[in-house]
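S.K.:
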Amino acid sequence: MTTARLPLFPLNAVLFPGLVLPLNVFEERYRAMMRELLKTDEDEPRRFAVVAIRDGRETAPTGAGMPDAVNVSAERGPTDGFGPDPVQTFHRVGCIADAAKIRERPDGSFEVLATGTTRVKLLSVEASGPFLTAELEELDEETGEEAGALAEGVLRAFRSYQKRLAGASERSLTTGADLPDDPSVVSYLVAAAAVLDVPTRQRLLQAPDTATRLREELTLLRAETAVIRHLPSLPAVDLTRAPTHPN
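The working numbering runs 102 ahead of the 1-based position in the sequence shown.
1) Could you please give the first and the last residue of the uninterrupted alpha helix (DSSP H) stretch that includes P285?
2) Using CA coordinates, which residue listed in M136, F128, L298 is at the minimum distance from L108?
3) Evaluate the contact criterion for the segment 192-199 versus the segment 144-154: three or more CB pairs, one atom per stretch, below 8 Å.
4) Near T289, what residues of its chain come up, given a Cβ to Cβ distance below 6 Å and the 5 sequence neighbours on each side ignored?
5) With burial defined as no fewer than 16 other Cβ atoms inside 10 Å of the residue's Cβ, what is the status of T235: buried or exposed?
6) What does the Cβ neighbour count give for P169, buried or exposed, with the cut at 16 atoms within 10 Å?
7) With distance defined between alpha-carbon atoms, name the residue in V116, A268, D182 nearest to P232.
8) Is P119 near R207, with beta carbons less than 8 Å apart?
9) If you count every other CB in all the chains shown that lies within 10 Å of the CB of S274, and 16 or more means buried, which is it?
10) Beta-carbon separation of V127 and P188 under 8 Å?
11) Please classify G179 as buried or exposed, where buried requires at least 16 neighbouring CB atoms within 10 angstroms.
12) Taking Cβ positions, are G218 and L121 nearer each other than 8 Å?
13) By the three-class DSSP mapping on this structure, what secondary structure does A154 have?
14) Check the C-beta distance from L267 over to I330 and give it rounded, since I have them as a contact under 8 Å.
15) Which residues share a DSSP beta bridge with D200?
16) Buried or exposed for A115, going by 16 or more other Cβ atoms inside 10 Å?
17) Should V300 and F260 be called a contact, given that it needs their Cβ atoms to be closer than 8 Å?
18) Starting from R112, follow its DSSP beta bridges and name the residues at the other end.
19) Could you tell me which residues DSSP puts in a beta bridge with V122?
20) So if DSSP puts L267 in a beta bridge, which residue, or which two residues, is it bridged to?
21) Thinking just about the alpha-carbon of each residue, which of A309, D242, A229, A216 is nearest to the one in F184?
22) Can you give me the C-alpha to C-alpha distance between T105 and L113, rounded to a whole angstrom?
23) Along the chain, where does the beta strand (DSSP E) that runs through A309 open and close?
24) In terms of residues, what are the limits of the beta strand (DSSP E) holding L238?
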């Protein structure tokens, strides 16, 4: 069992291995985290853990996609918005992020570009410093039975889903040449690219193996495609561009 203690960045979003995460960091507790990460040697990974906040448990007004209603320059403690026992506020499976880019702006906020690397299980949360840290156990990705065949089926269903969602003539539609063939990579890409809510994405992240994740994605894609087929029209959706998450 491989464990590590890393800075913890809670979000109203789910990060998957291999997927890119842009962050707009303005709260002081997360600025402190980025300043600490910048102390890491350039040839070493600047790692932190991302966990999704359980639905209904976030009390801070600065979740992803929400306008900030408070003075963001005001100092907030590491547990503010997460209740008296933060570990109960977060989903227990998250993902390690490697920050390839951390750029400090003149106002002291940070622009961060990170990539998910490894799934982790949240064991404990420590709040004694300026930001949260967590004890984490790395989770192996088991393949499961028939993952290869399931991945092929999921890719076919995903192409059909994209066509229905974006329109068959949409030029930005992902082509077969753009999609991977590794089953685990397929499972993470589809989980991140499909239009799903946080609880569903979280369920896919913590699937016990790749085959289980792919089976659920196949069911979801077929169901969503059937629903879209009966709708009169939908705006084009860019499935390849991730939003920037405010902290």
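Ideal Cβ placement from N, Cα and C applies to all residues, glycine included.
M.R.: According to the data block:
1) Locating residue 285 in the sequence shown gives position 183, where the first residue counts as 1. It spans 285-295 - the alpha helix (DSSP H) in which P285 sits, taken as one unbroken run.
2) For the purposes of this step, residue 108 is taken as the residue at position 6 of the sequence shown. Measuring from the Cα of L108, the nearest candidate turns out to be M136.
3) yes
4) Stepping through the sequence shown from its first residue, residue 289 is reached at position 187. A quick correction: the sequence has Ser, not Thr, at residue 289. Cβ within range, chain order: T312, R315, L316.
5) As a first step, residue 235 must be located in the sequence shown, where it is residue number 133. Under this definition T235 is a buried residue.
6) Position 67 of the sequence shown, counted from the first residue, corresponds to residue 169. Low confidence applies here, because P169 scores a pLDDT of 32, under 50, leaving its location unreliable; read the following figure in that light. So P169 ends up on the exposed side.
7) On the sequence shown, residue 232 is found 130 positions in, with the first residue counted as 1. Of V116, A268, D182, the residue nearest in Cα terms is D182.
8) To locate residue 119, count along the sequence shown from 1; it is residue 17. To locate residue 207, count along the sequence shown from 1; it is residue 105. For P119 and R207, no; Cβs fall outside 8 Å.
9) In the sequence shown, counting from the first residue as 1, residue 274 sits at position 172. Interpretation of S274 is limited by its pLDDT of 42, a score under 50 that renders its predicted location unreliable; the figure taken from the coordinates is listed afterwards. Its Cβ having fewer than 16 others within 10 Å, S274 is exposed.
10) Here the question's residue 127 lines up with position 25 in the sequence shown. Here the question's residue 188 lines up with position 86 in the sequence shown. No, Cβ-Cβ distance for V127 and P188 is not below 8 Å.
11) In the sequence shown, the residue the question calls residue 179 occupies position 77. So G179 ends up on the exposed side.
12) Within the sequence shown, numbered from 1, the residue matching residue 218 stands at position 116. Within the sequence shown, numbered from 1, the residue matching residue 121 stands at position 19. Yes.
13) The residue labelled residue 154 in the question sits at position 52 within the sequence shown. DSSP places A154 in strand when its eight states are reduced to three.
14) For the purposes of this step, residue 267 is identified with residue 165 of the sequence shown, where counting begins at 1. For the purposes of this step, residue 330 is identified with residue 228 of the sequence shown, where counting begins at 1. Right, their Cβ atoms sit about 6 Å apart.
15) Counting from one through the sequence shown, the residue named residue 200 turns up at place 98. DSSP, once it has assigned bridges, lists R149, T217 as partnering D200.
16) Looking up residue 115 in the sequence shown gives position 13. A115 comes out buried.
17) What you label residue 300 is simply residue 198 of the sequence shown in a count that begins at 1. What you label residue 260 is simply residue 158 of the sequence shown in a count that begins at 1. No, they are not a contact pair.
18) Taking the first residue of the sequence shown as 1, we reach residue 112 at position 10. In the sequence as presented, Arg is not what sits at residue 112; that position holds Pro. Note: P112 sits in a beta bridge opposite V153.
19) As a working note, residue 122 is residue 20 in the sequence shown. Checking the DSSP bridge columns, you'll see V122 partnered with T217.
20) Stepping through the sequence shown from its first residue, residue 267 is reached at position 165. In DSSP, L267 forms no bridge with anything.
21) Position 82 of the sequence shown holds residue 184. When only C-alpha atoms are compared, the closest one is A229.
22) For the purposes of this step, residue 105 is identified with residue 3 of the sequence shown, where counting begins at 1. For the purposes of this step, residue 113 is identified with residue 11 of the sequence shown, where counting begins at 1. Near 22 Å, if we compare the C-alpha coordinates of L113 and T105.
23) As a first step, residue 309 must be located in the sequence shown, where it is residue number 207. Where A309 is concerned, there is no enclosing beta strand (DSSP E), given that its DSSP letter is neither H nor E.
24) Counting from 1 along the sequence shown, the entry for residue 238 is found at position 136. Segment 235-240, the beta strand (DSSP E) holding L238.
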